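This report concerns only the one structure given below.
Residue numbers (my numbering): -3 to 129.
Right under this line is the structure:
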């Protein structure tokens, strides 16, 4: 039996109820809509040289939820390059607000954008509405 370490205690793997991203019990403080996406992105933890390719899970005008590696932690600054389509991407800087690791060891992080310009917000809106209808 494998043991996972949480911030409070060790739990055995059969006790972990979260088998998929949708099972995570996250209290949602968002006041803006978010759009489910399955688009590629790249990120780099600030002050490091390693660029990591990833997938976004959802996107809003204030942040993004995306798959991350183990070297990402809450309160870190990261630099992002997100693809809204095959031809359109935008770059942003953000702060990791939360990180969760699932039963299958996939990790997701919620990143809040740091001062995203109105032009970049408009670009997100334009592509979000193209996806939904």
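Just so it is clear, CB atoms sit at the ideal spot from N, CA and C, and this is done for glycine as well.
None of these values were measured; they are calculated from a predicted model.
Between which two residues does the beta strand (DSSP E) harbouring residue i extend?
i           : result
residue 47  : Segment: none, residue 47 is in no beta strand (DSSP E) and carries neither H nor E.
residue 85  : 85 to 97
residue 103 : 103 to 109
residue 77  : 73 to 79
residue 70  : Here residue 70 belongs to no beta strand (DSSP E), and DSSP marks it neither H nor E.
Put residue i into one of helix, strand or coil per three-state DSSP.
i           : result
residue 63  : strand
residue 116 : helix
residue 124 : helix
residue 33  : coil
residue 82  : coil
residue 54  : strand
Tell me, to the nearest whole angstrom, how far the beta carbon of residue i is from that of residue j; I am working on the premise that it is less than 8 Å.
i           : j           : result
residue 42  : residue 73  : 4 Å
residue 55  : residue 84  : Incorrect: roughly 13 Å between the Cβ atoms, too far for contact.
residue 136 : residue 37  : Past the boundaries of the shown model lies residue 136; the chain is included only from -3 to 129, so the question cannot be answered.
residue 31  : residue 124 : 4 Å
residue 35  : residue 52  : 5 Å
Q: Would you check if there are 3 or more beta carbon pairs closer than 8 Å linking the segment 97 to 112 to the segment 71 to 88?
A: With three or more CB-CB distances shorter than 8 Å, the segment 97 to 112 counts as touching the segment 71 to 88.
Q.
Taking 8 Å as the cut-off, does the segment 92 to 103 touch the segment 47 to 55 (at least 3 CB pairs, one atom from each stretch)?
A. As far as the Cβ criterion goes, the segment 47 to 55 does not touch the segment 92 to 103, which means the pair count is below three.
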